[in-house]
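See structure below.
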C-alpha cells in the first residue's frame with residue numbers, strides 16, 4: 001500500500017466513448033499454464049496486461065531457471081495454478097506471497113496434490129502458504145474427491161494439469177459446484193489446446209495426453225467491462241462501446257449484461273463488440289444470485305447502493321477469502337454513504353434508507369483492485385471521490401484510470 005491517492009470528479013458531459021479492454025486475466029492465466037505444460041506448443045494471442053498475468057509469466061520463467069524462491073505477491077490465481085503446476089512437474093522451489101496471501105487457506109488443494117503423489121510441505125503455518133515443492137513426483141492415485149463449494153480455482157488448478165499426469169485424472173465434485181462458469185471456461189480452453197474430457201453429472205474425467213500444436217486467443221475481460229456497466233447505470237445518459245466482447249463468451253462475468261438490465265442498461269451485441277446504453281431509470285429485481293460470478297459482487301452491490309435499491313444478494317461465500325475480506329470491506333465503505341449491508345444466513349441485504357451523497361468521500365481499497373474500481377463510479381453521484389492506493393487496479397486492469405480520463409472523468413493525482 002502507498003500514500004498515493006486519486007481524486008475523481010464526473011465528466012462535464014455524458015459518457016459517450018469507446019474503450020478497448022485488456023485480455024481476460026482468467027483466460028490468460030489458464031493459457032500460460034497450458035503453454036508451460038506443452039513446452040510452448042500451445043501459443044497465446046491477446047495476453048492480458050494485468051499485473052497478475054505478468055506475475056504468472058515471470059514465475060514460470062523463474063521456475064524454468066530453477067529459482068529456489070518464487071514470490072507471487074497478492075496473486076491468488078498464481079498461487080493456486082502454480083501450486084498444481086510445480087507439484088506435478090516436480091519443480092523444486094518455495095512458493096510464497098504477501099502477508100495477506102499467507103492468510104488465505106490452501107490446504108484443500110495441497111491435500112489433493114499429495115493424494116496424486118506430489119511432495120509438498122508447508123514452509124510456515126499448516127494449511128497456508130508458503131509452500132515448499134520437491135522433486136520426485138510419481139502418480140499414486142488418479143481419482144480425487146473435492147468439494148464443489150470451495151474456490152473454483154482449486155478445481156481448475158487440478159484440471160489444468162490433469163492431461164500431464166501419467167494416468168490422467170478422474171475428479172469427483174462433491175455437492176453443488178460454486179462458480180461453475182470458471183470450471184466450464186477451463187474445460188473449453190483445454191479443448192482448444194487439444195485435450196479431451198468427459199463431464200457426467202459430478203465427475204470430470206481427463207485422460208493422459210501429450211499436447212499438440214494449438215493457438216488460444218484470449219477474449220477481452222468481461223470483469224473489466226462490469227465497471228463500465230456501472231458507469232452507464234449511474235449516468236443520466238450513456239453510450240459506451242467495448243470492442244471485441246462476445247455474447248458467446250467463456251467468461252461467467254459476461255452475465256453482467258443481463259444483470260445490468262435490472263438497472264436500466266441495455267447491451268447491443270455486434271460483430272465488432274458491444275455497445276451499452278442507459279435506457280431507463282427504473283430498477284427491477286430484488287434478489288441477485290452471484291454464486292457463478294462472485295467477482296461481479298462489488299460492482300453490482302455498490303451500483304445498487306448508489307441507486308438506493310434495497311436488493312438482496314446470495315452466492316457470496318468466497319468473498320471473505322479473496323484479496324481482502326470483501327464483505328467487511330464493502331460494509332465499511334458503503335457505511336460512508338449511509339448504506340448498510342446485513343448478513344443473514346447466507347443472504348446479504350442492502351439497506352439504503354440512510355443513503356446520502358456527501359461533497360467528498362474517501363474510499364479505502366484494502367489492497368483489492370475490485371474495491372477501487374467498483375467504487376470509482378460513485379464520482380457520478382458525489383462531487384469528489386478519493387480513491388486510496390489507486391495502483392491496486394494494476395492487478396487486473398492497469399489502464400483503468402487512463403480509460404476513465406478518456407471517458408471524460410477528471411482525475412487529480414494527490
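In full-length UniProt numbering, the protein residues as written are 1 to 414.
Backbone N, C-alpha and C define an ideal beta-carbon position, used for all residues, glycine too.
Whole-angstrom C-beta distance between residue 233 and residue 303, which should lie under 8 Å: 5 Å
Would you call the region 82-101 and the region 62-69 touching, i.e. three or more CB-CB distances under 8 Å? yes
Near residue 360, what residues of its chain come up, given a Cβ to Cβ distance below 6 Å and the 5 sequence neighbours on each side ignored? 384
For the alpha helix (DSSP H) containing residue 156, name the first residue and the last one. 152-162
Beta-carbon contacts of residue 130 that lie in its chain and below 8 Å, excluding the five residues immediately before and after: Here residue 130 has 94, 95, 96, 97, 102, 122, 123 and 124 as same chain residues with Cβ atoms under 8 Å from its own Cβ, once five neighbours each way along the sequence are excluded.
Assuming the contact rule is C-beta atoms closer than 8 Å, residue 52 and residue 71 should be a hit. Round their C-beta distance to whole Å, please. That belief does not hold up - the Cβ atoms of residue 52 and residue 71 are roughly 13 Å apart, past 8 Å.
Residue 409 to residue 333, Cα distance in whole Å? 21 Å
CA-CA distance, residue 117 and residue 372? 41 Å
Start and end of the beta strand (DSSP E) containing residue 348? 347-351
With a CB to CB cut of under 8 Å and the five nearest residues on each side skipped, what residues in its chain are close to residue 308? For residue 308, where only same-chain residues beyond five positions count, the Cβ hits under 8 Å are 352 and 355.
Tell me whether residue 278 is buried or exposed, calling it buried when 16 or more other Cβ atoms sit within 10 Å of its Cβ. The Cβ neighbour count for residue 278, taken over all protein chains shown within 10 Å, is at least 16; the residue is labelled buried.
Under the three-state DSSP convention, the category residue 91 falls into: coil
Would you call residue 196 buried or exposed, if buried means 16 or more other Cβ atoms sit within 10 Å of its Cβ? exposed
Look at the alpha carbon of residue 194 and the alpha carbon of residue 388, and state the distance between them as a whole number of angstroms. One C-alpha to the other measures close to 44 Å.
State yes or no: is the C-beta of residue 107 within less than 7 Å of the C-beta of residue 76? Contact: no.
Return the chain-ordered list of same chain residues with a C-beta closer than 7 Å to the C-beta of residue 176, the five sequence neighbours on each side being excluded. Listed in chain order, the non-local C-beta contacts of residue 176 below 7 Å within the same chain comprise 148 and 149, local neighbours out to five positions each way being set aside.
Counterpart residues of residue 35 in DSSP-defined beta bridges: Its beta-bridge partners do not exist; DSSP assigns none.
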